[in-house]
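Here's the structure, in structure tokens; my notes come after.
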Amino acid sequence: MKEHPITSDWTELEPGLRAWLARPEDVESPPGALIYIEAFGVNEHMRNVADRYARAGYAAIVPDIYHGVTADYGDMDTALGALKELDDAQVVKESAKALDVLERAGAASPPAAIGFCLGGRLAFLAGLELGKRLSAVVSYYGGGIGAEKDRFGRPILIERAAEFVPPLLLHYGGQDGSIPPSEHGRIAAALSEAGKRYVMSVYPQAGHGFDCNARQSYDAEASAEAWTLTQQFLARFTVRTG
Numbered sequence: 104m105k106e107h108p109i110t111s112d113w114t115e116l117e118p119g120l121r122a123w124l125a126r127p128e129d130v131e132s133p134p135g136a137l138i139y140i141e142a143f144g145v146n147e148h149m150r151n152v153a154d155r156y157a158r159a160g161y162a163a164i165v166p167d168i169y170h171g172v173t174a175d176y177g178d179m180d181t182a183l184g185a186l187k188e189l190d191d192a193q194v195v196k197e198s199a200k201a202l203d204v205l206e207r208a209g210a211a212s213p214p215a216a217i218g219f220c221l222g223g224r225l226a227f228l229a230g231l232e233l234g235k236r237l238s239a240v241v242s243y244y245g246g247g248i249g250a251e252k253d254r255f256g257r258p259i260l261i262e263r264a265a266e267f268v269p270p271l272l273l274h275y276g277g278q279d280g281s282i283p284p285s286e287h288g289r290i291a292a293a294l295s296e297a298g299k300r301y302v303m304s305v306y307p308q309a310g311h312g313f314d315c316n317a318r319q320s321y322d323a324e325a326s327a328e329a330w331t332l333t334q335q336f337l338a339r340f341t342v343r344t345g
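Residue numbers (our numbering): 104 to 345.
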């Protein structure tokens with residue numbers, strides 16, 4: 104895969120609301136990627152994720168839905184405190200503003216939504232609430248999509264499977280204790296019954312957070328396989344003009 108020279112920096116969605124924006128310098132109208140954070144905020148890793156997508160040829164934006172809060176990977180109190188303050192409706196509003204910025208930055212429309220951990224659930228939420236503005240959704244180990252009961256009191260999104268719009272790719276670790284196989288089954292059953300286009304890939308040896316090379320749970324083999332599958336999936340569904 105060709106690596107593109109990129110530019111990346113913070114950009115303003117509106118006064119007091121920012122996002123990390125990365126794009127290739129040598130692609131006039133690149134495919135777009137709306138990227139959602141893990142539970143730890145727009146930290147260095149998430150900025151690197153956006154930059155990686157830009158080097159792969161995407162215009163990538165990460166809305167700062169934590170509004171400046173970041174947490175170290177060992178600081179679960181801060182991370183979960185910020186997560187509990189999130190409001191789905193507000194995240195959708197900020198996501199729509201991020202999509203507007205992507206369009207103004209020259210990204211081809213519609214873009215894909217890609218999320219990790221907390222963001223895996225939010226990417227699924229975007230497929231429900233903003234699906235007509237998206238070409239595809241990729242969810243990495245998104246907890247709370249198909250749980251029997253959400254431990255944070257959030258709505259169980261898979262109950263709205265019939266409303267989901269774009270093609271969907273789901274990545275899960277087989278050793279992820281927070282998302283058991285029974286949840287995979289509920290998600291697959293609901294999506295199939297609703298007649299939705301989806302792919303689910305389970306990596307038997309991997310745990311939660313397997314794609315993050317800053318976490319102890321990082322699994323290089325699963326991460327590389329998931330990246331390849333994601334790029335193939337996005338190449339099929341995202342808008343490309345050149």
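Where a beta carbon is used, it is the ideal one built from N, C-alpha and C, also for glycine.
Apart from the 5 residues on each side of it in sequence, Tyr301 sits with its Cβ closer than 6 Å to the Cβ of Leu271, Leu294 in its chain, given in chain order. Leu221 and Arg263 do not touch by the CB rule: their CB atoms are close to 18 Å apart, not below 8 Å.
In this structure, Leu137 sits away from Ala208, with a CB-CB distance that is not shorter than 8 Å. Restricted to the stretch 218-260, the beta strand (DSSP E) segments that are unbroken, complete and at least 3 residues in length are 239-243, listed in chain order. Proximity to Trp113 across Cys315, Glu266, Arg121 peaks at Arg121, based on C-alpha coordinates. Straight through space, the alpha carbons of Trp123 and Asp180 are spaced by roughly 24 Å.
Annotation: the continuous beta strand (DSSP E) that includes Ala136 extends over 134-139. Pairing Gly276 with Tyr321 gives a Cβ-Cβ distance that is not under 8 Å.
DSSP places Ile109 in the uninterrupted beta strand (DSSP E) bounded by 109-117. Cα atoms of Trp330 and Gly119: separation of roughly 33 Å, rounded to the nearest angstrom. 8 Å or more divides the Cβ of Cys315 from the Cβ of Glu147.
For the pair Ser242 and Gly218, the CB atoms are nearer than the 8 Å cut-off. Taking 8 Å as the cut-off, the beta carbon of Asp167 is found no closer than this to the beta carbon of Ala125. The Cβ neighbour count for Ser238, taken over all protein chains shown within 10 Å, is at least 16; the residue is labelled buried.
Spatial neighbours of Ala226 in its own chain (CB-CB distance under 7 Å, excluding positions within 5 residues in sequence) are listed in chain order as Tyr139, Ala216, Ile217, Gly218, Val240, Val241, Ser242, Gly245.
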